[in-house]
Structures are given as structure tokens and as C-alpha cells.
Amino acid sequence: MTIKSKSEKQTIKIGKKISKKLKGGETLALIGNLGSGKTIFAKGIAKGLDIKKHITSPTFVLMKVYNLPHNKKNIKYFVHIDAYRLKSGQSLIDIGVKDWLNNESAVVAIEWANKVKEILPRNAKVVNIKQDKKNKEIRKITIT
Amino acid sequence: MIILGIETSCDETAASIIKIKKGEIQILANTVASQIPIHKKYGGIVPEIAARAHIKKIIPVIKETLAKSKICFSKIDLIAATKGPGLITSLLVGVETAKTLSFSQKIPLMGINHLKAHIRANFIQSLDIVYPAISLVASGGHTELGILRKNSYKKLGQTRDDAAGECFDKIAKILRLGYPGGPEISDKAEKWDRQAKNIKKKFTTSLPRPMIKSKNLDFSFSGLKTAVLYKVQDNKKQLNNEKFIQFLSHEAQNAIVDVLTQKTITAAKKFHAKSILLSGGVAANNSLRERLAKKSKELNIKFFVPDFKFCTDNATMIAVEAYHKYKKLSQKQKDNLNQNWLKLKVEPNLEL
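Rendered as C-alpha cells:
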């Protein structure tokens with residue numbers, strides 16, 4: 001599935017829409033260059049999960065865990081990971097990522113997932129965000 | 001009262017001993033063992049390497065601190081350790097060490113919020129802070145504005161994406177400079193300032209000041225990093241031009257400092273603040289210190305910023321925060337600290 005986004009707002013909307021379909025236990029592997037809008041997409045996912053807090057960059061601590069408000073689904077946590085600085089997935093295993101992957105009470109979004117391929121669950125949904133070469137505002141979002 | 005502070009939330013292993021006599025704080029020893037050289041080649045802190053380095057250094061650092069201050073465990077009244085926020089692998093080393101010492105030496109134990117301690121760093125040397133005070137904490141992991149009254153703290157705004165220090169780090173990486181980015185960029189920016197006018201004329205750009213005009217007190221730094229990236233992508237050949245790097249460093253620093261200063265001053269005016277307190281690693285940035293000092297003076301507001309060594313992570317601020325927290329406890333709460341080694345847990349996502 002490929003969706004075109006023309007703005008940050010639209011990217012958030014797309015993330016929100018996809019988020020509404022999640023049941024828990026999913027891993028979203030976000031791939032794209034610096035400034036392509038991975039964090040924006042993650043914000044959309046969080047919005048769709050009814051998280052009111054600002055989703056801020058987890059680059060520094062690598063992983064941030066957000067508690068979800070009570071909902072009809074079984075999802076209790078949103079786990080936001082940033083592998084930007086990492087060379088392998090071992091660092092994420094060291095800080096306890098295995099508690100969250102394939103955990104039905106959690107949705108995990110990993111930015112720069114291409115840097116930690118070896119730890120991604122087989123059923124991870126890959127979200128590829130590409131910036132248009134001519135018009136820098138436009139993004140092509142491919143989900144597989 | 002004598003307090004041993006322990007700090008291991010990120011990439012500095014630190015211990016400190018302070019003595020409080022008649023309300024006056026005296027620093028007996030302040031030790032910091034930095035891991036920056038170790039993490040430099042990775043462009044940031046690596047959790048497992050940080051944990052190993054903390055384990056290696058924590059006991060020598062505490063021993064050195066005890067020796068420097070000529071204090072033995074029997075004289076220590078309280079142990080204070082950072083419990084969060086931070087990197088879990090790093091936090092664990094400090095907290096577990098503190099718990100072990102608390103149990104074995106029978107000393108009360110207190111867990112400390114690292115961010116509160118950053119703000120508290122302003123109280124290490126200054127006793128004349130007047131309320132209400134606007135506090136700006138800017139570091140690699142946080143950017144938060146708040147209002148501090150005598151007995152309360154309220155958050156006024158925060159970053160919606162990247163922290164100010166993180167923005168420095170990311171821009172430094174785009175410009176192929178080292179880690180941590182703040183000092184590297186600041187150094188290049190200063191060099192640019194000393195540049196002759198005819199060279200300066202050759203370069204132009206206009207970087208955004210994200211959210212500077214928005215009515216709220218939130219920040220956003222992600223777009224600034226992207227703007228620098230675009231600028232570099234459009235001028236790839238210039239990456240080897242030292243002058244271009246100096247120029248962009250200067251512009252980027254200016255943009256960050258502009259936003260931080262503007263929002264802090266807006267908050268100060270809105271709440272009729274009597275003091276402005278700057279803290280966190282980014283508080284070590286000279287340009288930000290100077291700009292906020294100048295603006296505060298214009299408005300007749302007192303401006304406080306800790307000494308450089310107390311801006312970056314240190315354990316003295318942990319001990320001082322512990323003292324202020326301890327003062328307010330009831331006798332029962334104080335007694336409970338004796339058993340705290342059983343209960344204290346790290347909280348990586350702790351907030352202010």
C-alpha cells in the first residue's frame with residue numbers, strides 16, 4: 001500500500017488512520033532519511049491510540065514507553081524507539097526491548113528500523129517514508 | 001548534615017559529598033568521570049558500553065570522593081542517587097550501588113529526580129533567588145519551561161519533538177562534527193564571529209525559528225535540523241569548506257538560542273517573574289548564557305545559571321536536591337528512608 005502525503009498534518013492523519021486498525025502486538029518498522037517524517041508518523045500512531053501527551057524524540061534514551069488511556073482494545077502501551085545512533089539491535093535488547101516486541105498489550109514503533117533489522121519480528125509492518133526529490137514537502141509512504 | 005550524592009543517569013559517573021551547616025551548603029568533594037571519549041566514536045551513548053563503564057568507575061569515583069573530602073561512611077547522614085530520567089542501564093548502576101551502601105553501612109537512602117536536580121544546581125552557589133522564577137531546563141534529553149514558586153513547580157511548556165541538546169547533536173552530525181554536538185558547534189560559531197566582514201558577506205541563509213511566534217510556550221527543534229540538512233544537501237561540495245561549516249554552525253546556534261531566549265522571556269513577562277533560572281547541559285552554551293543574561297537585565301529580572309561544572313551532569317546537584325527534599329520530610333518519612341534500599345527503583349521515563 002502506498003499513500004502520498006503533502007504535509008506534516010497529512011502524515012499525522014495517515015498515521016492516525018493506520019493506528020486505528022492496530023490490535024496490539026504489532027511492530028511498525030519506520031524507515032526513511034533524516035527529516036523524512038518518521039517522528040511525525042509516530043505522532044500520528046500515538047494520536048490514533050488516544051495518547052494526549054506530546055510524543056517527543058526518544059533519540060537520547062532510545063526508548064520511551066507511554067501508558068494508554070483505558071480503551072476497548074487490549075493495547076496498554078505505546079513503545080516509541082529510535083535506533084538513529086545504533087549500529088546493531090543489541091543495544092535495544094540491552095535496554096529490554098524484548099519485553100515489548102510481540103507483546104499483545106503493546107504497539108511498538110521503531111524509527112531507523114533498518115539499523116536494527118536483526119531484532120525485528122518477522123511480522124513487523126515496514127513503513128517506508130520517501131521524500132519527493134523535486135517537491136520537498138511531498139512524501140511517499142509505503143506500507144508492507 | 002553530610003550527604004553523599006551519586007549520579008549515573010547517562011554518560012558521566014559522578015559522586016559528591018556536601019556538608020550543610022546552619023543551612024549553608026559546603027561542597028567537600030565533587031568528582032566526575034566522563035565517558036564522552038568512549039562514546040565519541042559511536043556518535044552518542046551506547047547503553048551496554050555505558051553500563052560497563054559505570055560499573056568500572058563507580059566504586060573508584062566514590063572512594064576518591066570520600067578521600068578528597070576526608071569523610072568516612074560513619075559520618076554520612078544520607079545517600080542520594082539519581083533514579084531517573086535517563087538510560088536504564090546507566091541508572092541501574094548508580095541506584096544499585098547506592099542501595100548496597102545504604103544497606104551495608106546503615107545509611108538512609110533517597111532517590112532523586114535528575115531534572116529537579118538540574119534546576120536545583122542554581123541553588124548551589126546562589127542564595128538570593130526570588131520567586132516566582134522561570135526555569136528553563138535544556139539538555140540532550142529535555143527542553144522544558146516551568147514556573148517555580150517557593151513550594152511548587154508547574155510546567156509551562158516543553159519540546160514537541162527533539163530536545164535542544166539533541167538538535168545540537170543532530171546538526172553536528174549533519175555537518176560532520178563530533179559528539180557531543182553543543183561544544184563543537186559553539187566552537188565553530190565563535191570562530192565565525194571572529195571572521196572578517198568580506199568573508200561573511202559570501203554566505204547567506206535563513207534558518208527557521210520554529211514556533212517562535214506561537215502563543216504557547218512549547219518548543220520544536222526537529223524542523224530546524226531538517227532545514228540545516230536541506231541547506232547541506234543543496235551545497236554538498238561546501239561540506240569541505242571550513243568557512244561554510246563555521247557559518248552554518250553560527251546560524252544554527254543562533255536559531256536555537258533565539259527560540260530558547262524568546263520563549264523564556266515571554267514566560268517571564270507573562271508571569272511577572274523575579275528570577276530566571278537556566279540549567280541543563282545546554283546551559284553551558286556561552287551564547288545562550290550571554291543572551292539570557294542580557295535580556296534579563298533589560299527587564300530588571302535576576303538571572304541565574306550554575307557554574308559550568310554544575311550545568312553538565314554532576315552529583316553535587318543530586319546531593320543538594322536531596323537536602324532540600326529532606327528538609328521538608330516529616331520524622332516518619334525520614335525514618336522510612338532507612339528501609340528505602342528495599343524499595344528504590346529506577347524510573348527511566350520520570351518527568352519533572
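Chain order of the listed sequences is W and V. Last residue of the first sequence: 144 (our numbering), numbering continuous. Last residue of the second sequence: 352 (our numbering), numbering continuous. Each residue gets a CB set at the ideal place from its N, CA and C atoms; glycine is no exception.
Given residue i as reference, the closest of the options once Cα atoms are compared
i             : options                       : result
residue 144/V : 170/V, 116/V, 127/V and 108/V : 116/V
residue 6/V   : 191/V, 291/V, 52/V and 60/V   : 60/V
residue 10/W  : 42/W, 55/W, 106/W and 80/W    : 42/W
residue 258/V : 212/V, 234/V, 249/V and 240/V : 212/V
residue 110/V : 79/V, 176/V and 104/V         : 79/V
residue 344/V : 134/V, 93/V and 56/V          : 93/V
residue 48/W  : 112/W, 124/W, 75/W and 113/W  : 75/W
residue 27/V  : 69/V, 349/V and 57/V          : 69/V
residue 277/V : 318/V, 334/V and 123/V        : 123/V
residue 44/V  : 195/V, 15/V and 141/V         : 141/V
residue 139/V : 301/V, 282/V and 275/V        : 282/V
residue 17/V  : 36/V, 62/V, 240/V and 51/V    : 62/V
residue 353/V : 119/V, 104/V, 96/V and 50/V   : Given a span of 1 to 352 for chain V in the structure shown, any question on residue 353/V remains unanswerable.
residue 51/W  : 65/W, 60/W, 38/W and 58/W     : 65/W
residue 34/W  : 136/W, 101/W and 143/W        : 136/W
residue 335/V : 107/V, 198/V and 306/V        : 107/V
residue 42/V  : 137/V, 9/V, 180/V and 57/V    : 180/V
C-beta neighbour in chain W for residue i, strict 7 Å
i             : result
residue 137/V : no
residue 160/V : yes
residue 144/V : no
residue 87/V  : yes
residue 140/V : yes
residue 166/V : yes
Cβ of residue i within 7 Å of any chain V Cβ
i             : result
residue 233/W : The structure shown has nothing for residue 233/W, since chain W only spans 1 to 144.
residue 59/W  : yes
residue 99/W  : no
residue 91/W  : yes
residue 139/W : no
residue 54/W  : yes
residue 27/W  : no
residue 198/W : The requested residue 198/W is not part of the displayed model; chain W covers only 1 to 144.
residue 50/W  : no
residue 143/W : no
residue 81/W  : no
residue 233/W : Only positions 1 to 144 of chain W appear in this structure, which leaves residue 233/W out of reach.
residue 94/W  : yes
residue 39/W  : yes
residue 85/W  : yes
Sequence-distant residues of the same chain with beta carbon closer than 8 Å to residue i, five excluded per side
i             : result
residue 299/V : 265, 268 and 269
residue 95/W  : 62 and 63
residue 130/V : 274, 275 and 302
Sequence-distant residues of the same chain with beta carbon closer than 7 Å to residue i, five excluded per side
i             : result
residue 229/V : 174
residue 73/W  : 23 and 24
residue 3/W   : 14 and 141
residue 245/V : 175 and 188
residue 112/W : 82, 83 and 84
residue 71/V  : 2, 17 and 28
Proximal residues to residue i (C-beta, below 6 Å), its chain only, five neighbours per side dropped
i             : result
residue 122/W : none
residue 15/W  : 41, 44 and 45
residue 227/V : 207 and 208
residue 130/W : 140
residue 124/W : 27 and 29
residue 232/V : 174
When you check each C-beta in the segment 220-232 of chain V against every C-beta of chain W, which residues fall closer than 8 Å? 222, 225, 226, 229 and 230
For the segment 22-51 of chain V, enumerate the residues whose C-beta is nearer than 7 Å to any C-beta of chain W, in chain order. 42, 43, 44, 46, 47 and 48
Complete alpha helix (DSSP H) runs within the segment 5-48 of chain V (minimum length 4 residues, chain order): 36-40
Listed in chain order, which residues of the segment 322-349 of chain V have Cβ atoms closer than 8 Å to some Cβ of chain W? 348 and 349
Could you run through the segment 281-313 of chain V and flag, in chain order, every residue whose CB is less than 8 Å away from some CB of chain W? none
I'd like the ranges of any beta strand (DSSP E) spanning at least 3 consecutive residues and lying wholly in the segment 62-103 of chain V. 78-84
Give, in chain order, every unbroken run of the alpha helix (DSSP H) that is at least 4 residues long and sits entirely within the segment 107-165 of chain V. 114-120 and 122-125
Please list the residues of the segment 111-127 of chain W that have a C-beta atom closer than 7 Å to any C-beta atom in chain V, keeping them in chain order. none
Report the residue ranges of all beta strand (DSSP E) runs contained in full by the segment 24-101 of chain W; include only those spanning at least 3 residues, in chain order. 27-31, 63-67 and 77-82
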